[in-house]
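Structure record follows, encoded as structure tokens.
Chains as they are written, first to last, in the numbering used here: chain A, 636 to 999; chain B, 241 to 715; chain C, -14 to 428.
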């Protein structure tokens, strides 16, 4: 048990990384298309819902500090339902990985590898991500911990430069309630960030009083995303819909950056790190769900299966990254309703009766 | 009994040494006692033999027995009684074996001739201000150097002999009360399990002490100075001294140790922090510079600032090689020059460096074979390599790996490589200690001696990364 | 070999890594690299004639041991679309065009006769072109402009982008990038401003031969008010090497063909072009630009000249004041259904020059006090500047001073109702009441 757990701090960092996942590239432009600058409020609304899910996780963790989600689900809902829920998780993270890959690919293709072989990005990413998943949660959490400050520095510099180009407060409260809720619904698949916490619930060392570490990092991620949105809308306003890579674009608009060299290289490096780490988290979550759906198969099988499914589904069924982005606004929101909200609500009922927490040994 | 006959016993030992020519034996008769001596001329001290054995024996009166020799006649403090089957081993160790006809006992007098150099400052760990003594090849000298620094009853030395032929003395040392005994037991067990013909240097043991013996990353600390080893023992580590080697090994080991330098502890801690940061940046630069330069040139011209891009484009125009081959060529050239200058005598090595750096580099650029930015980038990465000399071999290999990654896959490949290697390093646990501690995982207490070093007066606790028993360093 | 396989079996990812490297390394090893595969474009010029585009690219041609000037040339090609013209240029040079470092796009005013957004659609789409690429226009052809730009470094040691950056920071005081153009274009009013630099021919002594600008010789007189920002011409003889440097003309392309007719130089008069729905509606001179910048608190680098000042200190003096700081507060309200835009401008001035007849006055601290009469005249000057510009904006139905945004932010509902009540919502400026208070104080 001790050898595979991660600290609350590390779990918090994983949360920050997933919060930044696929919200800092295309999402600001897509949301602007629906509700203009009120996209900021859409994000606040969806984050509020997300925080409820986090709350449910904390409740569950308090009640079952050492048990796996599988144990909890089987105990309360039976084996069949537990497997169905895990299957949904499995598919959720598979599509999540595809979406993350798609948005990263759009960025890489447009800004970084303009002429290169389309599979290069995939070939770079998949082996590293697979290796991380084989190495285990503890290993890649430590790696994320090491690079966390590098990533945060990158994001903060981008935000600082973005805020430095502040063009005035974007015009808010400009959309109707129906537009607001419709846009919120359309982009719900980009959320569900904390679901992976449920899958690794037994691996997080969360002592009493350590919840604040988790919340601290979640708050950091949310603040960063919201700041990015407001800076992005302030800078681009009416042309926000034209800009696909928010983090990079809030830097590259700066006239000053020409004078001090290509500052957008910072955004590029940050995005690359984020891209790898997000995919590690998502594939690990897939792997966890897979192992619980197919009890007899181990993690190595899950990786092989994931790679095969990913390649087949992505290149044959999805075909193009644009399709994947269309799906996120098409049928995936309906799917997300089940994973992002229905399952947490079921879990909420399980976790409602309280029980005294069990203390852990200290671990790194 | 035949075995009490001195000549026969000497003959038997001689046979054991395969009639080796430096084996010497003498038989003296003194007051009816036939006394036999056996020793290796090459490793025993002749003068000491005369002073401690021969002269006292000549002037001895009364009955000569081994007991009287041991207790009254011989003027040596290092006399011991040994068994018949220990004769060979003691002769190898530089002792003189003394036998007396008719007596079953055997005594050995240690007269090992110490052919050692005096402790000098090791070339890899020089200090500007601070102790300059380094370990020598003699384990006894090294032990005394250690004892002088930790003059405590708690400094423990445990001997293990390794090597069926070399019979090398290996000393496990630690500070009782600080060290975690589990680590001592694990080290002892691992050393005892080694069945090898000979140990010629401490590095022979590194592979056996590592958790992952095939890893390209060393998981055992190496030090050449007693002050460094002493400080590590006081942190709760175990030292391994090996006879005939001026290197002392320490476990557990974290990679950050190599970024620390004894100079850091003998100078202002603000300056030490700055220097450590420079070292870290330098080592990152050494690993990544060539690969990043190649990635920029081959894939990412669009993120290179215009002025630099113009310089690159101008200088690489008309070169016969592609950027990849050019950098590989310069890389290889530097490595060859380095190896040559290392192996040639000093004066020739200096000449080679001049020829290499000035003539080859400059002429290569002028001849249009290589470009100045390429030379600069590779030169910087090759020089920065020696900011941390202990890691130079690993870093050199990493340079090559990242050069291939950058050239073949661009920046995404480099970032992927960084994450891959970090994951790999995070998998390594050196005797239960995370290899990348105190940064991954972050161990708050140990950051006091991290990149930003604190004043010694503020470092109240021993590092938590190592499972030491006594946490308090300063009360 | 068996041992190697067993090692790889222990770490399959290492195996995958090696395979990937083996797959990609040979290709990469023999690739000359993007820095050599691409022609580095630093400025783009677009002309249009008879529905045919001519794209001129100020391109860097790598040559060892040469200067910037000697290694830059203008390459141009024609095509029915921009993409086609650029593709032809690529064919000519045998290199792909690298637009990532293009900092400037120059369009000729001929493009501004119709909706220019359609013409520069390619630039908006091509991802390698940065958002902050500067967009300016010129009265000559863009190709001539780029040829003249080549000489800038040789003549006065500056590059085109530095010159334009200076203008953006100090003269236009407004963003004139592609992004800014599109932002204005897509706004409700569809109006935007872009910088203007004129090209004029000079003879061998550096004197203007004729003027292609609208204002002709009057310009030099008008510029007096601008002080150091005023009319600056860059003239010197064309270097002998430039003819060769510009010789890389593409299919139908040519460069430096104007050598025999004298030289065309860039003239910086601080002018901007007012664009409505992608069409040029007016060219504003520096005075009109000043009027636009009255409400721009960043626009402070400007001198104000007051003539014929006579009081206790001065006798028929000409005083020049520099604006050292500026505070602008704006507010919107509705009075009886009429939108009112009020602005309070506080100018902090410092006297920089005082001339009394033939003799200059000795500067001392007392002189920094602004006499009441002078303050009044400065106020009038500023108000008149704003009023004149407002007249122009009203006439052209263009809002480039952010009136719409201000009302949208503060009185959105009323403003929308107000717009709905108008026959032509585009003409809303004519129905807004402006109140400008100018206060002058010594800095």
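Beta carbons are placed, not taken as given, at the ideal position from N, Cα and C, and that holds for glycine. These numbers were taken from a predicted model, which means no experiment stands behind them.
Less than 8 Å between the CB atoms is what I'm expecting for residue i and residue j, so what's the real figure, rounded?
| i | j | result |
| --- | --- | --- |
| residue 292 of chain B | residue 349 of chain B | 7 Å |
| residue 481 of chain B | residue 390 of chain B | Incorrect: roughly 13 Å between the Cβ atoms, too far for contact. |
| residue 1053 of chain A | residue 958 of chain A | A question about residue 1053 of chain A goes unanswered here, because the residues of chain A that appear run from 636 up to 999. |
| residue 686 of chain B | residue 674 of chain B | The Cβ separation is near 11 Å, so there is no contact. |
| residue 885 of chain A | residue 797 of chain A | 3 Å |
| residue 652 of chain B | residue 907 of chain A | 6 Å |
| residue 276 of chain C | residue 310 of chain C | Not really, about 19 Å apart at Cβ, beyond 8 Å. |
| residue 291 of chain C | residue 304 of chain C | 5 Å |
| residue 486 of chain B | residue 374 of chain B | 6 Å |
At a Cβ threshold of 8 Å, is residue i touching chain C?
| i | result |
| --- | --- |
| residue 888 of chain A | yes |
| residue 942 of chain A | no |
| residue 811 of chain A | no |
| residue 679 of chain A | no |
| residue 648 of chain B | yes |
In this structure, does DSSP put residue i in helix, strand or coil?
| i | result |
| --- | --- |
| residue 317 of chain C | strand |
| residue 674 of chain B | strand |
| residue 90 of chain C | strand |
| residue 822 of chain A | coil |
| residue 326 of chain C | strand |
| residue 422 of chain C | strand |
| residue 259 of chain C | strand |
| residue 782 of chain B | Residue 782 of chain B is absent from the model: chain B starts at 241 and stops at 715. |
| residue 904 of chain A | helix |
| residue 335 of chain B | strand |
| residue 643 of chain A | helix |
Taking 8 Å as the CB-CB cut-off, is residue i touching chain A?
| i | result |
| --- | --- |
| residue 562 of chain B | no |
| residue 651 of chain B | yes |
| residue 1 of chain C | yes |
| residue 680 of chain B | yes |
| residue 339 of chain C | no |
Measure the Cβ-Cβ separation of residue i and residue j and say whether it is below 8 Å.
| i | j | result |
| --- | --- | --- |
| residue 733 of chain A | residue 911 of chain A | no |
| residue 829 of chain A | residue 692 of chain A | yes |
| residue 887 of chain A | residue 116 of chain C | yes |
| residue 839 of chain A | residue 683 of chain A | no |
| residue 80 of chain C | residue 22 of chain C | yes |
| residue 874 of chain A | residue 794 of chain A | no |
| residue 41 of chain C | residue 131 of chain C | yes |
| residue 182 of chain C | residue 121 of chain C | yes |
| residue 31 of chain C | residue 119 of chain C | no |
| residue 460 of chain B | residue 419 of chain B | no |
| residue 89 of chain C | residue 145 of chain C | yes |
| residue 274 of chain C | residue 257 of chain C | yes |
| residue 38 of chain C | residue 102 of chain C | no |
| residue 882 of chain A | residue 902 of chain A | yes |
I want to see whether chain B comes within less than 8 Å of residue i, judged by CB atoms only; does it?
| i | result |
| --- | --- |
| residue 777 of chain A | yes |
| residue 149 of chain C | no |
| residue 917 of chain A | no |
Buried or exposed: which applies to residue i, given that a residue is buried once 16 or more other Cβ atoms fall within 10 Å of its Cβ?
| i | result |
| --- | --- |
| residue 878 of chain A | buried |
| residue 416 of chain B | exposed |
| residue 935 of chain A | exposed |
| residue 8 of chain C | exposed |
| residue 174 of chain C | buried |
| residue 585 of chain B | exposed |
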